[in-house]
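Okay, structure first, notes after.
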Amino acid sequence: DERVELAGAKVLDYSGFGNNGTRRNRGGLGNGTNFTASGKFGYALEFDGVDDYVNISDDDSLSFTNEIFSIGAWIRTSDSLASGTQVVVVKGDVSNYEYYLRVRNAAGPDVADMGLWSSTAGSESLASTTTVVTDGNWHHLVGTADGSTVRIYVDGNEEGSAAITVSQVNGNTPLVIGNRMGATRPF
């Protein structure tokens, strides 16, 4: 129920899997992210860029080892990055993560990435966009993996792809929206 979600710390999962999240900030349990009525389609989560995130406990339905899957998000930010990354969503923590969707500046424009990571190999398969996504407009980001290729789309257009060269890890770490556990990568 939208009224319950807006009043409490919970972020409800409507997929049927029951992977509800908890709004938090780095200071501990708390409301963290705010809901705003100015989302792309009604309400949206609004992150402060400092310490807000949503934590979703580990569940087998969130781990994809060599399976076909996609993750997506509507984002809007005008915070240009001087360097570093802002995590949109990540499954994992600082030393062991499975997949992520992020905004990154690598000595150039602020682009989005979809990545798969193997902590055992210390390497990743990464697809990046060419569209600058920190322009203050709404952008629909979707990352996909099909067992052989990782792809990223912006606003319905495929902008990057890469061969999957890592063995995906099926960890027991949480799914986090808006930051990365064990490191500061706030959105």
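Heads up: the sequence shown begins at 1459 in the numbering used here, then just goes up one per residue. Glycine included, C-beta positions come from ideal geometry on N, C-alpha and C. This one's a predicted model, so the numbers in the text were calculated from it and none came from an experiment.
Exercise for the section: Sort out for me which residues DSSP pairs E1582 with in a bridge. Expected result: The count along the sequence shown starts at 1 and reaches residue 1582 at position 124. Answer by DSSP bridge pairing, in chain order: W1575.
Practice task
Evaluate contact between the segment 1594 to 1613 and the segment 1502 to 1517, counting only Cβ atoms and requiring at least three cross-stretch pairs below 8 Å.
Solution key: With contact defined as three or more Cβ pairs closer than 8 Å, the segment 1594 to 1613 and the segment 1502 to 1517 are not in contact.
Handout entry: Contact under 8 Å by Cβ, I1635 with V1547
Key = The residue given as residue 1635 occupies position 177 in the sequence shown. The residue given as residue 1547 occupies position 89 in the sequence shown. For I1635 and V1547, yes; Cβs fall inside 8 Å.
Handout entry: Element boundaries [beta strand (DSSP E), containing R1560]
Key = Position 102 of the sequence shown, counted from the first residue, corresponds to residue 1560. From DSSP, the beta strand (DSSP E) with R1560 extends over Y1555 to N1563.
Practice task
Would you check if the segment 1530 to 1541 and the segment 1587 to 1595 touch, i.e. whether three or more CB-CB distances between them fall below 8 Å?
Solution key: Result yes; three or more Cβ-Cβ pairs closer than 8 Å.
Handout entry: L1520, DSSP secondary structure in three states
Key = By one-based count along the sequence shown, residue 1520 stands at place 62. Note: L1520 maps to helix in three-state DSSP.
Practice task
Report the rounded CA-to-CA distance for R1542 versus G1476, giving the unit in angstroms.
Solution key: Your numbering for residue 1542 matches position 84 in the sequence shown. Your numbering for residue 1476 matches position 18 in the sequence shown. A small correction: the amino acid at residue 1542 is Gly; Arg does not occupy that position in the sequence shown. The alpha-carbon atoms of G1542 and G1476 are separated by roughly 33 Å.
Handout entry: Per-residue DSSP class, three states only, for Y1472
Key = Taking the first residue of the sequence shown as 1, we reach residue 1472 at position 14. Coil at Y1472, not helix or strand.
Handout entry: Option nearest Y1558 by Cα separation, candidates D1568, T1623 and V1545
Key = Here the question's residue 1558 lines up with position 100 in the sequence shown. With distances taken between Cα atoms, Y1558 lies closest to V1545.
Practice task
Taking only the alpha-carbon atoms, compute the straight-line gap between S1586 and G1530 and give it to the nearest angstrom.
Solution key: Taking the sequence shown and counting its residues from 1, one reaches residue 1586 at position 128. Taking the sequence shown and counting its residues from 1, one reaches residue 1530 at position 72. Taking the straight line joining both Cα atoms gives about 14 Å.
Problem - Closest residue to W1532 among R1482, S1496 and D1510 (Cα-Cα distance) - result: For the purposes of this step, residue 1532 is taken as residue 74 along the sequence shown, with counting starting at 1. Looking at the Cα atoms, S1496 is the closest of the given residues.
Handout entry: For W1532, the residue or residues it bridges with in DSSP
Key = Taking the sequence shown and counting its residues from 1, the one referred to as residue 1532 is at position 74. Beta-bridge pairing by DSSP links W1532 to H1598.
Handout entry: Reduced DSSP category for N1513 - H, G, I as helix; E, B as strand; rest coil
Key = In the sequence shown, residue 1513 corresponds to position 55, counting from 1. The three-state secondary structure of N1513, taken from DSSP, is strand.
Handout entry: Cut-off 6 Å between Cβ atoms - residues of its own chain near S1581, not counting five sequence neighbours on either side
Key = To locate residue 1581, count along the sequence shown from 1; it is residue 123. Here the set comprises V1624.
Problem - N-terminal and C-terminal residue of the beta strand (DSSP E) that A1689 is part of - result: Because the chain in this structure spans residues 1459 to 1645, residue 1689 falls outside the shown range and cannot be described.
Practice task
Would you mind giving the Cβ-Cβ distance between V1590 and D1568, rounded to the nearest angstrom? I have them listed as a contact below 8 Å.
Solution key: Residue 1590 sits at position 132 when you count from the first residue of the sequence shown. Residue 1568 sits at position 110 when you count from the first residue of the sequence shown. About 6 Å separates the two Cβ atoms, so the contact holds.
Problem - Three-state secondary structure assigned by DSSP to R1635 - result: Working through the sequence shown from its first residue, we reach residue 1635 at position 177. Note that residue 1635 is Ile in the sequence shown, not Arg. Reduced to three states, the DSSP call for I1635 is strand.
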